[in-house]
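Notes to accompany the following structure.
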Amino acid sequence: DIQMTQSPASLSASLGETVTIECLASEDIYSNLAWYQQKPGKSPQLLIYYANSLNDGVPSRFSGSGSGTQYSLKINSLQSEDVSIYFCQQNYDSPYTFGAGTKLELK
Amino acid sequence: QVQLKESGPGLMQPSETLSLTCTVSGFSLTSNGVGWVRQPLGKGLVWMGTIWAGGSTNYNSAVQSRLSISRDTSKSQVFLKMNSLQPEDTGTYYCARQPRIGDVMDAWGQGASVTVSS
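Residue numbers (this note's numbering), protein chains in the order written: chain A, 15 to 121; chain B, 1481 to 1598.
Structure representation (structure tokens):
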């Protein structure tokens, strides 16, 4: 199975700040990497697919990058509604494994 | 619009068989796959398996021996059955659309909470 190592596990940032979350795959996943946002008490929602493609309706302050085994999610100008847990997932090979998640809080 | 909704019993006894239903609308099961994801309380996400548009299935080897995913396309429903339940199977179970093999999960249900306890 492909292991997804996500960091940091938690993150505290101020409104307007820029934050970055990293995801490292145990082998090359050829950009088959998605990011999901899970707000408190809600189901996960797709933010980014194929490493850097923004899903419909997702604010442009979210962006994804990376290739090979290393990927990142960047949130510019942090807003209060961005408080969530963020998960990466590889969809290159079954089982489609997730990272452990990053809990983003406001400072 | 695309919608998915899980339903099923909230409380199960150890060794019982869990049956969950995912009722979808806004898309066809003959053109899209639907997968199941489990989330233990306060923990991360685990992909359990998917039934694809053609009816074939993929399962996570961690639960493959206990898991079965099937569907009724005429009713727009996908079913999860998992036997030999244990307390560690407690969590929220989500169904999500996964359009084609290798695709991301682009729409999710609200989740069904399942507790396994004697």
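Just so you know, even glycine gets a beta-carbon here, dropped at the ideal spot from N, CA and C. As the structure is a prediction and not an experimental result, all values here were calculated from the model.
Practice task
Answer with yes or no whether the minimum CB distance from B:Y1573 to chain A is below 8 Å.
Solution key: no
Exercise for the section: Take A:A23 and list the residues in its own chain whose beta-carbon comes closer than 8 Å to its own, dropping the five residues that flank it on each side. Expected result: A114, G115, T116 and K117
Practice task
With 8 Å as the threshold, decide whether the Cβ of B:W1532 is near any Cβ in chain A.
Solution key: no
Practice task
Answer yes if the segment 40-60 of chain A comes into contact with the segment 76-86 of chain A, meaning at least three C-beta pairs across the two stretches below 8 Å, and no otherwise.
Solution key: yes
Practice task
Measure from the alpha carbon of A:T111 to the alpha carbon of each residue in B:G1522, B:M1585 and B:T1572, then state which is nearest.
Solution key: B:M1585
Exercise for the section: Pull up the distance between the alpha-carbon of A:Q104 and that of B:S1505, whole angstroms please. Expected result: 26 Å
Problem - A:I16 versus B:G1513 - alpha carbon distance - result: 22 Å
Handout entry: Cβ pair A:S91, A:G30 closer than 8 Å
Key = yes
Exercise for the section: Go ahead and pull the three-state DSSP assignment for B:E1486. Expected result: strand
Practice task
Let me know if B:D1583 comes out buried or exposed under the rule of 16 or more other beta-carbons within 10 Å of its beta-carbon.
Solution key: buried
Exercise for the section: Below 6 Å CB to CB, which residues in the same chain sit around B:S1487 once its five sequence neighbours on both sides are set aside? Expected result: T1501
Problem - Which listed residue (B:C1575, B:L1525, B:T1570 and B:S1536) has its alpha carbon closest to that of B:T1497 - result: B:T1570
Problem - Straight-line Cα distance separating B:I1549 from B:S1556 - result: 14 Å
Handout entry: Alpha-carbon to alpha-carbon, B:G1589 and A:I35
Key = 25 Å
Exercise for the section: Examine chain B for any beta-carbon lying closer than 8 Å to the beta-carbon of A:P54, and answer yes or no. Expected result: no
Problem - Sequence-distant residues of its chain with Cβ nearer than 6 Å to A:S26 (five each side left out) - result: E119 and K121
Practice task
Check each residue of the segment 1498-1525 of chain B: if its Cβ is closer than 7 Å to any Cβ of chain A, include it; give the result in chain order.
Solution key: G1524 and L1525
Practice task
Enumerate in chain order the residues of its own chain whose CB-to-CB distance from A:S67 is below 8 Å, with the five nearest sequence positions on each side excluded.
Solution key: G78
Handout entry: Interface residues of chain B facing A:N105 [CB-CB closer than 7 Å]
Key = G1582, D1583 and V1584
Exercise for the section: Using a Cβ-Cβ cut-off of 8 Å, state whether B:G1589 counts as contacting chain A. Expected result: yes
Handout entry: Residue-level contact to chain A via CB, B:N1563, 8 Å cutoff
Key = no
Handout entry: C-beta neighbour in chain A for B:S1541, strict 8 Å
Key = yes
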